[in-house]
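According to numbering that gives the first Met the number 0, the sequence shown holds residues 0 to 68 in order. We put the CB at the ideal spot given by N, CA and C, even for glycine. For clarity, every value in this text was computed on a predicted model and none was experimentally measured. Some notes on the structure that comes next.
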Amino acid sequence: MVAWELFAELASWIVRMAWVLDRRIQERLLALMVGAFFGQGRRLAGVVQFTVGQAFQPGVSRLLSGKNA
Numbered sequence: 000m001v002a003w004e005l006f007a008e009l010a011s012w013i014v015r016m017a018w019v020l021d022r023r024i025q026e027r028l029l030a031l032m033v034g035a036f037f038g039q040g041r042r043l044a045g046v047v048q049f050t051v052g053q054a055f056q057p058g059v060s061r062l063l064s065g066k067n068a
């Protein structure tokens, strides 16, 4: 898979998950993706993985509590 295809797939995933992800986390993920795409890739891979894992915790908590406004 070409790098720009991966970038496009990740960006579309973030858009599809927007109802779960907090806006700050969306912005952070997009910033990390842009940084990784333009040359900081390997160093940021662990940060992106950690951030994605953290992104779901608030969203899932909101869904379970019924506070997904």
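May I have the straight-line CA-CA distance separating residue i from residue j, to the nearest angstrom?
i   : j   : result
A7  : M32 : 10 angstroms
E4  : D21 : 25 angstroms
I13 : G34 : 16 angstroms
N67 : A30 : Caution is warranted here: a pLDDT of 49 is assigned to N67, below 50, making its placement in the model unreliable, and the coordinate value is therefore given only provisionally. Roughly 24 angstroms between the two C-alpha positions.
L9  : I24 : 14 angstroms
For residue i, which three-state DSSP category applies?
i   : result
M16 : coil
A68 : With a pLDDT of 46 at A68, under the threshold of 50, the modelled position of that residue is not reliable, and no figure is offered here.
L31 : helix
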